[in-house]
Amino acid sequence: MASQCRPDHGCSAPMWVVKVGDFLQFDELPCHEQLFASGLLCQRQEGFFCIFVSHQWLGVTHADPKGEQLAVLQAALRQLIAGKDILPDVLAQYYGSMPQFSDFHRLKEAYVWMDWLSVPQQVELGSVANEEVSEVSPVSTSTASPTCSAASQEDFIQSIPEYVETSDMFMVLTPQSRHAVTGASCNFSSWCSRGWCRLELWCKMLSNVKKPAVIVLSADHIQFASSFFWIDYPPHEGEFSYDSDRRPVSLVAKKLLSAKLRSLRASKKWDLFRYYMARYETLLGKPWQKRTLEDFRRDFKFDSLDVRREAMTPLACAVLSGDAEMVRELCKKKSDVNKSAGALYEVYIYLPVSPLMLAVFLGRNLEVATVLLEQKADCNATNPFNMQVLSYCRSEAAVELLIQHRADVNLQKAPENCPPISWACSLGAPSAVIARLLHHGAQVNPTNLGFASGHPLASVALTKSVSPYGTEVVAMLLDARADANRQYHASGIWRARELACRAILRLGGRRVPRVVLCFAEWSTTSLGFACLSGDVELVEMLLEASADPEIPNERGHTPLQLAQTEAVVNAIRHHQTTFSI
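Quick note on the UniProt record's numbering: the sequence shown kicks off at 1 and runs consecutively.
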């Protein structure tokens, strides 16, 4: 059978997959060669429902030496086959994205792609499709697996984008575990740091086919994955066991991004084209280009610099491309440094943002932000949700620059009344950014609580499970004496929204958008939000910090009653039993 690959990216090596039915029978995770010898591998064919599984290796010579990831994935697949709901991304839902999955009936006959199963492992050192594989000493000097005869490891690497493109589900397998050799903690955060995992993620993000992406955090904690926090994680900046792996990753990333640009140009999706064109050098680790005005208009397909309707304005393109001189040139031509670029949902820019917000959020050249400030950009400006420029910072240097220009570290505007540190937590800001905000006097227990509770702990509780910095940020806030038992009481428009969501919940039960459930239970504590998000690690951290699991919200519901997963229920009951003795 020939591998069924479309020509979007090119497919040099066959896509070897395993039937879910066979996968569920494994007592341990067999390698590619074992599966090939037993006849359990087959090449993907048109009509197959395929699940692409991205994971971090837990060993050196074996991907999952103790079968920990295998057990979690098997349990998760069984639950999904039985129709278990996938927890939605609350933040994405709030901004209007309602991910759904209706193909549960297809999972029983689905196929799994996983590097350890699907890529030959008996290869020479350093020529691999996963950086952990590159740590494997050559298994033997005998003839390689028969599956390698027509395709080299380089072919498999080059084919990763097409494997992702043709899969029907992208699954991130990141249960809390320990590396068998180093003892290092392996979880979602460490997965985000790995170069090869980032490449697989970018294959998904840049895919022309929009298929569901889910994160498996435990056997019963499966949720849709928003790319909100992943958009600025270039693969070449990830961690590699061997630095020589950085080059093949960069080559695949370049091929992938170039194909995306060609596709967007052909379909005349100019906003997205300009976004990726502007970030091309940043995403590939290349020096920023300095363009003439003529080159700038040609490269970004602007007939005129007087653009009013597009999300990606000329100034936004100059900011994201790191071209400080072009920013100056456009300002001379009367570009408004405080005029917001429009929302761009496809790349998770959910709200209009000012050029300065773009510069500190997605731009990497702080000289651009400096030029904008010199041109009177307002460092205390807010977007339509009253999110401040400081809340968008992704680096310590950006925080320091804005503070030097008198950005208000505790700025709150009605009706949201949410300070920069809380918005930063909800946006998945790096822990270093939160540390600098605290250093400059950000209130860890804001006095005027507003939307999203306004409390940093509650903000991070809703997003920690999909933020690689969440654990560090929570620890930092608790060290700064954040009140784990603070509650939010809505007023005005937010009170009306809370009451409306309660009414919807009574009519629709629990099968309503999860953002509705969160609004209806908004008067809970940070522990309650952690229970709603199903984050057992955060629940345990808050309990250790004296969070009270018995505090009811205005509906009379305690955090235990808000728990979304069995692991969270067990953690609270264990705590209650331990401390009642």
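Where is the CB? At the ideal position from N, CA and C, for every residue including glycine.
This one's a predicted model, so the numbers in the text were calculated from it and none came from an experiment.
_Please identify the residue among A219, S241, Y242 and P235 whose C-alpha is closest to the C-alpha of L256._
Cα-wise, what sits closest to L256 is P235.
*Where F23 falls, given that 16 or more other Cβ within 10 Å makes a residue buried*: F23 is buried by the Cβ-count criterion.
_Contacting residues, own chain, Cβ-Cβ under 7 Å from T382 (five flanking each side not counted)_ = Within the same chain, T382 has close Cβ partners Q388 and K413.
*Report yes if the CB atom of Y242 is closer than 8 Å to the CB atom of L261, and no otherwise.*
Inclusion of Y242 and L261 in the CB contact set at 8 Å is not warranted, their separation being larger than that value.
*Which runs of the beta strand (DSSP E), 3 residues or longer, sit entirely within the segment 16-45?*
Correct list: 16-19 and 41-43.
_When you compare the CB of L261 with every CB in chain D, is at least one pair closer than 8 Å?_
You won't find chain D in this structure, because it holds only one protein chain.
*With contact counted as at least three CB pairs below 8 Å, one residue from each stretch, are the segment 287-305 and the segment 346-353 in contact?*
Short answer: they don't touch.
*Can you tell me whether DSSP reads L507 as helix, strand or coil?*
Helix, per DSSP.
*Helix, strand or coil for S263 per DSSP?*
Residue state, collapsed to three classes: helix.
_Other residues of its chain near C192: CB distance less than 6 Å, five sequence neighbours each side excluded_ = These residues qualify, in order along the chain: P468.
*Exposed unless 16 or more other CB atoms sit within 10 angstroms - verdict on T577*: The residue in question, T577, is exposed, as its Cβ has fewer than 16 Cβ neighbours within 10 Å.
*Check the C-beta distance from A520 over to C501 and give it rounded, since I have them as a contact under 8 Å.*
Beta-carbon to beta-carbon, A520 and C501 are separated by about 4 Å, close enough to satisfy the 8 Å threshold.
*Contact set for F405: own chain, Cβ-Cβ below 8 Å, skip 5 residues either direction*: Correcting the residue type first, residue 405 is His in the shown sequence and not Phe. Listed in chain order, the non-local C-beta contacts of H405 below 8 Å within the same chain comprise L373 and C379, local neighbours out to five positions each way being set aside.
*asked:* Quick test of your reading: V214 and T174, contact by CB under 8 Å. State the CB separation rounded to the nearest angstrom.
replied: With a contact defined as Cβ atoms closer than 8 Å, V214 and T174 miss out at about 11 Å.
_N-terminal and C-terminal residue of the alpha helix (DSSP H) that G51 is part of_ = Sequence check: residue 51 is Ile here, not Gly. The continuous stretches of alpha helix (DSSP H) do not include I51, which lies in the beta strand (DSSP E) extending over residues C50 to H55.
*Give a yes or no on contact between the segment 317-326 and the segment 354-374, applying the rule of three or more CB pairs nearer than 8 Å.*
The segment 317-326 vs the segment 354-374: in contact.
*Whose C-alpha, out of E416, R514, S340 and A225, is nearest the C-alpha of A492?*
A small correction: the amino acid at residue 492 is Gly; Ala does not occupy that position in the sequence shown. Among E416, R514, S340 and A225, the Cα nearest to that of G492 is on E416.
_Proximal residues to L542 (C-beta, below 7 Å), its chain only, five neighbours per side dropped_ = The answer, listed in chain order, is A484, S526, L527 and A530.
_Distance check for L35 and residue 626, CA to CA, integer angstroms please._
No statement about residue 626 is possible, as the shown extent of the chain runs from 1 to 581 and does not include it.
*asked:* For the ligand ADP, is there any heavy atom lying closer than 7 Å to the beta carbon of L427?
replied: Among the components modelled here there is no ligand, and therefore nothing to report on the ligand ADP.
*Can you tell me whether DSSP reads Q69 as helix, strand or coil?*
DSSP places Q69 in helix when its eight states are reduced to three.
*asked:* According to DSSP, is M114 part of a helix, a strand, or is it coil?
replied: Residue state, collapsed to three classes: strand.
*Would the beta-carbon of V327 fall within 8 Å of that of V399?*
The beta carbons of V327 and V399 sit no closer together than 8 Å.
*Could you give the C-beta distance for R394 and P430, rounded to a whole number, given that I count them as a contact under 8 Å?*
So it is a contact: roughly 6 Å between Cβ atoms.
*Tell me whether the beta-carbon of W113 lies closer than 8 Å to the beta-carbon of S167.*
Contact annotation: W113 and S167 have beta-carbon atoms nearer than 8 Å.
*Under a Cβ-count criterion, where at least 16 other Cβ atoms within 10 Å of its own Cβ denotes burial, should T292 be classed as buried or exposed?*
Under the 10 Å beta carbon count, T292 is surrounded by fewer than 16 other beta carbons and is classified as exposed.
_Opening and closing residue of the alpha helix (DSSP H) in which V368 lies_ = Taken as a continuous stretch (DSSP letters only), the alpha helix (DSSP H) holding V368 covers L366 to E374.
*By a C-beta neighbour count over all protein chains shown, 10 Å radius and 16 as the cutoff for buried, is L187 buried or exposed?*
Note that residue 187 corresponds to Asn in the displayed sequence, not to Leu. Classification of N187: buried, given that the 10 Å Cβ count is 16 or more.
_Nearest by alpha-carbon distance to I157: which of D220, S102, R247 and K108 is it?_
Of the candidates D220, S102, R247 and K108, the residue whose Cα lies closest to the Cα of I157 is R247.
*Tell whether a beta-carbon distance below 8 Å holds between L330 and L315.*
By the CB criterion at 8 Å, L330 and L315 fall inside the cutoff.
*Which whole-angstrom value is the C-beta distance of N445 and R486, which I expect to be below 8 Å?*
Contact between N445 and R486 is confirmed by a C-beta separation of about 7 Å, below the 8 Å threshold.
*Are the beta-carbon atoms belonging to V119 and G195 less than 8 Å from one another?*
Taking a C-beta distance under 8 Å as the contact criterion, V119 and G195 do not qualify as a contact pair.
_Candidates W522, L505 and H440: closest to H455 by CA position_ = Answer by Cα proximity: W522.
*Would you identify the three-state DSSP class for A219, choosing helix, strand or coil?*
Of the three classes helix, strand and coil, the one that applies to A219 here is coil, per DSSP.
*So what's L362 in DSSP terms, helix, strand or just coil?*
The answer is coil: DSSP assigns L362 none of H, G, I, E or B.
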